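As structure tokens, the structure follows; a few thoughts come after it.
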Amino acid sequence: MNTNNIDFFIEHYWFQANEIKPVKQRSTKVLKTVLTIVLALSCFSCLTPAPAAEQHITADQVKQYTCIKEALHYEARGEHQAGMQAVLSVIHNRTKHKEFPKTYCDVIKQPMQFSYRNGFSNQEVRLNAFKPANTRSEQQASTIAADLAYRAAMGRFKPSMQPQVLYYCSTKITPTWSKKMKTYATIGNHRFFAT
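Using the numbering used here, the first residue of the sequence shown is number 1234, and each one after it goes up by one.
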């Protein structure tokens, strides 16, 4: 298992562990060492091999996971699971549509598509990205975002929106582009639009 794969699993399961019981801030090196040992021991204790799809995680899957989790953090961290899933559904639907890029990262990084990226470089977005979750609701949001991002990166995400739902915006605004579209649903603080 290479370092990217270990970091990917550590981050995914760190959020789940945080949801169950908050962990005090520790050095990343110690945490990585402990979790690497736990992962290694759990792999050795398996009596049957993992399915082929789970045996190898590519660098691209790790990259997609990171992009998706970042987008969900900025775009939907105040939502419950249904709201986060709806936002990810729009991103997913775009990857399947002929007018948009084919990967999650490419869709998310398109200019002027997601408000949190407007006016910021990739480095500036990352510097402000993931502050430690301090409250229970922040921990729950982090866990949901990590789980949805993991499923999407592994090709297991099932969108909750129809394929023609390609846009959304905050319920607090009415952009000019939204006036030309049909409102498909309102979930949490977002309205979703079908083309």
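Each residue gets a CB set at the ideal place from its N, CA and C atoms; glycine is no exception.
Remember, predicted model here, so these are calculated numbers, not experimental data.
- Around the CB of G1388, fewer than 16 other CB atoms lie within 10 Å, so the residue is classed as exposed.
- If you check the CB distance, Y1349 and C1300 do not come in under 7 Å.
- Between the C-alpha atoms of A1427 and P1392 there is a straight-line separation of about 14 Å.
- Taking one beta carbon from each stretch, the segment 1371–1383 and the segment 1306–1326 have 3 or more pairs nearer than 8 Å; the two touch.
- The three-state secondary structure of K1342, taken from DSSP, is coil.
- Distance between T1419 and M1394, taken at the CA atoms: about 11 Å.
- Ranked by how close their Cα comes to the Cα of A1378, the residues K1302, Q1294, V1295 and D1293 have K1302 in first place.
- Non-local beta-carbon contacts of D1380 in its own chain, meaning distances under 7 Å to residues more than five positions away in sequence, are absent.
- By DSSP's assignment, A1379 forms no beta bridge with any residue.
- Across the structure, L1305 and T1328 are spaced so that their CA atoms are roughly 16 Å apart.
- Non-local C-beta neighbours of G1316 in its own chain, meaning closer than 8 Å and more than five positions away in sequence, comprise A1309, I1420, G1421, N1422 and H1423, ordered along the chain.
- Membership of K1415 in any alpha helix (DSSP H) is not indicated; the residue belongs instead to the beta strand (DSSP E) covering K1415 to I1420.
- For R1327, the enclosing alpha helix (DSSP H) covers residues Q1314 to K1329.
- The three-state reading of DSSP puts S1393 in coil, since its state is none of H, G, I, E or B.
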